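Trainee: Can you read through this structure? Questions will come right after.
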Amino acid sequence: MSDAIPVNRIKGVGEKTAALFGKINVYTVDDLIRHYPRDYETYDAPVSIREVSAGSVQAIYGQITAIPNVKKVRNLSILNAVLTDDNGDSIQLTFFNMPFLKKVLKPGGFYLFRGLVQQRGTHKIMEQPRMFTWEEYQKKSGRLLPRYALTKGLTNQMVQKSVAQALEYYPPEKEYLPQSVLQKIPMLSHREAVNSLHFPENREELLAARNRIVFEEFFSFLLVLRKNKDLAAKTENHFPMYETADTVRFLEQLPFPLTKAQKKVWGELREDMGSPYAMNRLIQGDVGSGKTILAVLALLMCAANGYQGAMMAPTEVLAVQHFETISGYIEKYGIAFRPVLLTGSMTAKEKREAYAKIASGEANLIIGTHALIQEKVEYSSLALVVTDEQHRFGVRQRETLAAKGSEPHVLVMSATPIPRTLAIILYGDLKVSVIDELPANRLPIKNCVVGTSYRPKAYEFIAKEVAAGRQAYVICPMVEEGESEDLENVVDYTEKLRAVLPPSVQVAYLHGKMRPADKNRIMEEFAAKEIDVLVSTTVIEVGINVPNATVMMVENAERFGLAQLHQLRGRVGRGEFQSYCIFISTSEAKETMERLQILNHSNDGFHIASEDLKLRGPGDIFGIRQSGEFAFVLGDIYTDANILKEASDAVEQLLVSDPELTDDDSRALVNYFKEHTAVNVVDFRTI
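Okay, so the sequence shown: first residue is 41 according to this note's numbering, each after it adds one.
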């Protein structure tokens, strides 16, 4: 089987290249085949300089008319050159950290460049364009060329060649969907779809291939979800709980009243925890709607009934922040928590002490990361687990805790705004509570949607906020140079900001490829105000609570779904100060700007999600990144809403005809979900 063949078995992939593939989690032939392209490039014919439009990637041909100018700004080398075409029109070319080009670009010489066109006042410029000979460009012209997620040292061409070799190992008969489904819904075979995703002949073939794999992802996900729901519905409540004076006193002492929505949800939680069956509920609420205080109330009710509760966070920094917040409540209000913190970076001695307190029952509230369900942790009476959408609590985790002698209540919190029609499908294994109003004391975030020409003003504004003692986030889609020529990347952008902002402004970067210890250190320094501006990928989406951060600037905003942009915006507006969000789009096309204007006019996540669903259709598959926690490998719950509904109907039909999933095809599909999907939701091991 191809999944067992190491990637270095492929011709041309030696030990060094295999190590590079390992950095992007590609270890086997099957891993490589599932390393689908990020997007696709089309190399259109060069246009005249007067025809180029800001926000588009285009090719131009012309003559270098002067000796290129090189200047140094702190650690950044900036080379500027002027290209003039046959019509006498000129465009500025700007290159960062490429001073050697001064010897390459000869005045009077003719060159072909391709890159992202940007507007700077009345002038158009190309930053970091690629240079081609006519012959090189003609070979690429008119084709759909895949672009892959890379790492330093691994080129797109290397991945393309390796994928072509890998597909030779892939069995043509490989299939995951049950025959009963394939007979009812016409679609490509799995093998045809995989081949066409990597090397499509045209957009139509690519769309058909993508739809097939997206259906496969959704179908397997929803099948597991339905089976989980059936199991959860039969789980007896071993820890019946009833409200005590503790939660009533805590609510009376809080400096703010619960909103009507919060009161309604608190009533649902109390009812669940006292019912005959274990709670399995999701609280869905917009950023800042007050989900955490409800989790604290549920945990307090658990402790007051003599049981243990656990609160699981996606990052160590957030776990520490929860621990400190709840410790503050204990000190201020005298509530009956005896908390302990448990994270992966703690010393062996600290962990042993925490384990002892948990096992003896001395600790009745355990706060931490996934370390909470490791083998060494033994609970005295764990009755409630509070987690978030990043750590949806699935069957495997339930079984882990059941083996420790418990079947806990489960409460999941999500800030992902999902329209009701999709929520019913995606949260099919949970009862859903919705908090649909914000606390009265929240200052609305002020938004603006602008083109790239606004950047200098944005930098000035960030500097002004920092001078006033505030902090800022800047979001870029990419990690480092070479991943994509037309997107801002975190590493280079950090250097640019250090060059244009005052020397006193401390700028640092954060991305998902960093070591966990380094990510935690950067987030801690930002929370401690040691960093003024944090340049980050969307890893900050599940970051920390920094009330002092008042500016969120998102580069290449058109590359993200509206729901994800709203999630990112939720990092600011958490304190007493007025906060701002600046969405910078490299495309000023009418449709793009209209879509982003929805964010400009609304801070309501559910309204934004509904509008996103209306605007994004099945054809909108290039360059929009997956939304929030449901980060499927290819599927997007908004763009592919119709496929999601079709897959949901197919799952229902399959379970009617084969409720126990005895069919071999159904079992293979469950294995597909466990092995091949990126969604950290459930791990269904009971079939």
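All residues carry an ideal CB built from backbone N, CA and C; glycine is no exception. Note that the coordinates shown come from a computational prediction; the quantities given were computed from them, not determined experimentally.
1. In terms of DSSP beta bridges, what is N320 paired with?
2. Return the first residue and the last residue of the alpha helix (DSSP H) that V417 is part of.
3. Please report the Cβ distance between G294 and W306, rounded to the nearest whole angstrom; I am assuming they are in contact, meaning their Cβ atoms lie under 8 Å.
4. In whole angstroms, what separates the C-alpha of L334 from that of L228?
5. My parser needs the beta strand (DSSP E) runs of 3 or more residues fully inside the region 452-488; what are they?
6. For F140, which residues from the same chain have a beta carbon less than 6 Å from its beta carbon, with the 5 sequence-adjacent residues on both sides left out?
7. Just curious, the alpha helix (DSSP H) that M313 is in, first and last residue?
8. Quick check: what's the CA-CA separation for T534 versus A498?
9. Relative to the alpha-carbon of I131, which residue among L145, V144, K146 and I100 has its alpha-carbon at the smallest distance?
10. Residues bridged to F672 by DSSP?
11. If I follow the unbroken alpha helix (DSSP H) through V234, where does it start and stop?
12. What does A649 pair with, by DSSP beta-bridge criteria?
13. Would you decide whether A106 is buried or exposed? Buried here means 16 or more other CB atoms lie within 10 Å of its CB.
14. Suppose you measure from the CA of G155 to the CA of E631; what does that come to, to the nearest Å?
15. According to the Cβ coordinates, are K486 and Q604 closer than 8 Å?
16. Please report the residue range of the alpha helix (DSSP H) in which Y106 lies.
17. With burial defined as no fewer than 16 other Cβ atoms inside 10 Å of the residue's Cβ, what is the status of V39: buried or exposed?
18. Quickly, what does DSSP pair I622 with across the bridge? List them, please.
19. Let me know if Q637 comes out buried or exposed under the rule of 16 or more other beta-carbons within 10 Å of its beta-carbon.
20. Among the residues of its own chain, which have a CB less than 7 Å from the CB of E505, if the five just before and after it don't count?
21. Could you pull out every unbroken alpha helix (DSSP H) segment of at least 4 residues lying fully inside the region 166-243, listed in chain order?
22. What residues match up with P46 in a beta bridge as DSSP calls it?
23. Residues in its own chain within less than 6 Å of E523 by CB, not counting five upstream and five downstream?
24. Is the distance from the Cβ of L574 to the Cβ of A597 below 8 Å?
25. What are the boundary residues of the alpha helix (DSSP H) that F566 is part of?
26. Check whether the Cβ of I100 lies closer than 7 Å to any heavy atom of the ligand FMN, and answer yes or no.
27. Based on the DSSP secondary-structure assignment, which residues constitute the bridge partners of G408?
28. Going by beta carbon distance, what residues of the same chain come within less than 8 Å of V530, once the five residues before and after it are set aside?
29. With the cut-off set at 8 Å, would you say T82 and L217 are in Cβ contact?
30. Tell me which residues share the same chain as E283 and place their Cβ nearer than 8 Å to its Cβ, disregarding the 5 neighbours each side in the sequence.
31. Assuming S400 and L422 make a contact with CB atoms under 8 Å, what is their CB distance in whole Å?
32. Helix, strand or coil for L541, going by three-state DSSP, please let me know.
33. Does E208 pass the burial test, meaning 16 or more other C-beta atoms within 10 Å, or should it be called exposed?
34. Report the three-state DSSP secondary structure of N251 (helix, strand or coil).
35. With 8 Å as the threshold, decide whether the Cβ of G615 is near any Cβ in chain D.
36. Along the chain, where does the alpha helix (DSSP H) that runs through Y395 open and close?
Mentor: The structure says:
1. V450
2. V417 -> no alpha helix (DSSP H), and no H or E assigned at all.
3. Here residue 294 is Leu; the residue named in the question, Gly, does not match the sequence. No, L294 and W306 are not in contact; Cβ-Cβ is about 12 Å, not under 8 Å.
4. Cα to Cα, the separation comes out at about 47 Å.
5. 471-475
6. none
7. It spans K300 to M313 - the alpha helix (DSSP H) in which M313 sits, taken as one unbroken run.
8. 15 Å
9. I100
10. F672 pairs with nothing; no bridge assigned.
11. First-last of the alpha helix (DSSP H) with V234: H230 to H238.
12. DSSP, once it has assigned bridges, lists no residue as partnering A649.
13. exposed
14. 22 Å
15. No, Cβ-Cβ distance for K486 and Q604 is not below 8 Å.
16. Note that residue 106 is Ala in the sequence shown here, rather than Tyr. Looking at the DSSP string, A106 is not in any alpha helix (DSSP H), and its letter there is neither H nor E.
17. Since the first residue of the chain shown is 41 and the last is 727, residue 39 is not available in this structure.
18. Beta-bridge partners assigned by DSSP to I622: C488 and M593.
19. exposed
20. A512, T590 and V591
21. Those alpha helix (DSSP H) runs which fall completely within the region 166-243 and span 4+ residues are 174-180, 196-209, 219-224 and 230-238.
22. T68
23. With a pLDDT of 44 at E523, under the threshold of 50, the predicted position of this residue should be treated as unreliable, though the coordinate-derived value follows. Contacts found: L190.
24. no
25. P556 to A567
26. You won't find the ligand FMN in this model; it holds no ligand whatsoever.
27. M352 and L382
28. Counting only Cβ-Cβ distances below 8 Å, and skipping sequence neighbours, we find C516, M518, V519, E520, Y549, L550, H551, V575, S576 and T577.
29. no
30. Scanning its chain for C-beta atoms nearer than 8 Å, with the 5 sequence neighbours on each side dropped, one finds around E283 the residues R310 and M341, in chain order.
31. Contact doesn't hold; Cβ gap of about 13 Å is too wide.
32. L541 carries a coil assignment under DSSP once its states are collapsed to helix, strand and coil.
33. exposed
34. helix
35. Chain labels in this structure do not include chain D; a single protein chain is all it has.
36. From DSSP, the alpha helix (DSSP H) with Y395 extends over A388 to S400.
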